[in-house]
């Protein structure tokens, strides 16, 4: 009862028991009446109930502005069954949308058996009137109601103390009112004995009248009437002015969204005009009008003299949120536009246009600030062909939830884990049906632990897994569930992977590629792992750590290798020879060569003498470019065998250039990444990237190179 007392928020003083009857009327708005009818018909054949919001205008007027349904339904509804928590929550939400009216009563339905109060209804109404003497109970019959006539009535209880004292309950009245003959069923059920009826009126403003008139279809002869040109011109001007106003409101709405919380974003348009939706509708109507005129051979002048030959957006295969933001920023700067709201608005519209295409295959959402995009208005086939996605773990869950519903055929995912792992990223991973490739980049081990349950659901389909982190994870043992892995890449910023100890005795029956970047496990663990899995490996990359025992294990256990990247220290030429002799399928070898490692001339001699006929590529890393002596390299390369072509390139594969056997090697050719001799500052370390750039030399057998 305390909760109901709070709902009424009674600001009027309690009235005398003698209430003016025939002069009092309940004014119900059109919106309230429609909602009560719709709610009542949805619950047939059960009874439903709800609360009415409005105000007590004066002693003779009760205004009902809005209603909301309650979750109760049944053959009888009592106040004890009312969900007070639901009421309080609903009123709080209504206040956020501008509905601050108080509760003036309740309504319920009598489907098919008329308007009257049963014994349970009387007790419920008595509880309401104990809180406010003027509370009203409305009964509506959705079955007997037809178009033009709504079967509805309003009641209030009579204080039974007047019968005991022999007094008339009505002490005053007026001429305002109407004669309404009650039915026999209503009289039998206590009308004018336990409760009395109150007049109901329907007050409609201009907007409500226009809304109700739109419910009726126009006469077919109306389409034959030609509107007046002056009037039509005025309508067009008003439409354009309306679109300008809506565009300003939409711009303001976009600015406000950046400062709102997620809960506020969901409710920002409830009870208010959505400028974006109305603007889209106005533009669509204008476009349809122009299309209709063109179809009837009516010439319409447009800014574009000819239609576009094709839709550029349909040719987009890869979409990056960051790239779009950068390009929009650059475009607006060229136009001398610096307003952030204009940049956000244009970026949002470009993303909305591109995300609606069914041809999109790859999506990069590696940004925390994702614009608010509603996919409900998009075509059903949008994101249908999306196969790759790259995103952060802390972006808005609403965006990822929508992507999860639209696309469940992603094959490759690249996720950057932050401290916060949203439920949206977990759902996006879980719902995929054919996930093949997965890459994780993270800084905090706790974030990976939250993602492991979703990831292990794909242990039977995942064939490539890459883990990139600055810290050792709590456990790599979860990798043992991925028995179909064909490629495993571990990139750790540490000297040893102690956690690899849990995996050294695990067998991966389909593993073909194993790569370690920046750090490798202790060689004892890795040797045990290669003993179990080495015979199936075709690619092995451990060029960040060298140990003779490990290289001997490669020669013994990995005889089906096709590509090898490792390190040979000085005096380990015999080990290199063993690998080349035992691994007859070896096609490519990547080694390091400088003062600390195996000499380049010895490497080349061993490769030429002992490599198999399938061997095609030898790639040597000579270290930092600024430490090299171009003249020494020139002396060596001038003596190379005639059946090899030589490539020089820096730290990036895109800086390759080709040198045929017999060409002179100039000083600036060796230190210049592109071979044009114009980067002389690189040799003395004055270039931007000279400190970290390495020189790579790759040898190709001319007989096999394409």
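In this note's numbering, the protein residues as written are 6 to 711. We put the beta carbon where it would ideally sit given N, CA and C, even for glycine.
Contact between residue 378 and residue 355 does not hold, since the beta-carbon distance rounds to 11 Å and is not under 8 Å. Exposed is the label assigned to residue 261, since fewer than 16 other Cβ atoms lie within 10 Å of its Cβ. Beta-bridge pairing by DSSP links residue 114 to 145.
According to DSSP, residue 492 shares a beta bridge with 469 and 518. Here the alpha carbons of residue 194 and residue 39 stand approximately 27 Å from one another.
Counting along the chain, residue 204 sits inside the beta strand (DSSP E) bounded by residues 200-207. In the three-state scheme derived from DSSP, where H, G and I count as helix and E and B as strand, residue 568 is classed as strand.
Beta-bridge pairing by DSSP links residue 443 to 418 and 470. A distance below 8 Å separates the beta carbons of residue 157 and residue 205. Distance between residue 375 and residue 359, taken at the CA atoms: about 15 Å.
Only residues of its own chain outside the window of five on either side were considered, and among them 42, 45, 46, 49, 114 and 116 have a CB closer than 7 Å to the CB of residue 147, listed in chain order. Residue burial annotation: residue 317 is exposed, with fewer than 16 other C-beta atoms found within 10 angstroms of its C-beta. Here the C-alpha atom of residue 484 lies approximately 8 Å from the C-alpha atom of residue 508.
Within a 10 Å sphere around the beta-carbon of residue 352 sit 16 or more other beta-carbons, which makes this residue buried. Taking a contact to require three or more Cβ pairs closer than 8 Å, the stretch 119-134 and the stretch 69-79 do not qualify as touching.
Membership of residue 157 in the beta strand (DSSP E) is indicated by the continuous run 157-162. Inclusion of residue 219 and residue 350 in the CB contact set at 8 Å is not warranted, their separation being larger than that value. If you draw a straight line from the Cα of residue 34 to the Cα of residue 200, it comes to about 24 Å. Per DSSP, residue 265 has no beta-bridge partner at all. At the C-beta level, residue 581 and residue 555 stay beyond 8 Å of one another. Our two residues, residue 440 and residue 321, have alpha carbons roughly 23 Å apart in a direct line. Rounded to whole angstroms, residue 90 and residue 215 show a C-alpha spacing of 37 Å. Across the structure, residue 456 and residue 442 are spaced so that their CA atoms are roughly 15 Å apart.
Taking a contact to require three or more Cβ pairs closer than 8 Å, the stretch 283-297 and the stretch 320-340 do not qualify as touching.
DSSP, reduced to helix, strand and coil, places residue 65 outside both helices and strands of the structure shown, so it counts as coil.
Check the Cα spacing between residue 208 and each of 625, 224, 31 and 119: the tightest is with 31. By alpha-carbon distance to residue 367, the top candidate from 348, 395 and 134 is 395. When secondary structure is reduced to three states using DSSP, residue 620 falls in the coil class, being assigned neither helix nor strand. Residue 217 counts as exposed, since fewer than 16 other C-beta atoms from the protein chains shown sit within 10 angstroms of its C-beta. The criterion of a C-beta distance shorter than 8 Å is not satisfied by residue 491 and residue 462.
Assigned with DSSP and collapsed to three states, residue 332 falls in helix.
DSSP places residue 578 within a helical segment (H, G or I) once states are collapsed to three. Nearest to residue 398 by alpha-carbon distance, out of 191, 97, 418 and 488, is 418. By the Cβ neighbour-count rule, residue 510 is exposed, with fewer than 16 other Cβ atoms within 10 Å of its own.
A straight line joining the alpha-carbon of residue 497 with that of residue 474 spans about 5 Å. Rounded to the nearest whole angstrom, the C-alpha separation of residue 468 and residue 489 is 6 Å.
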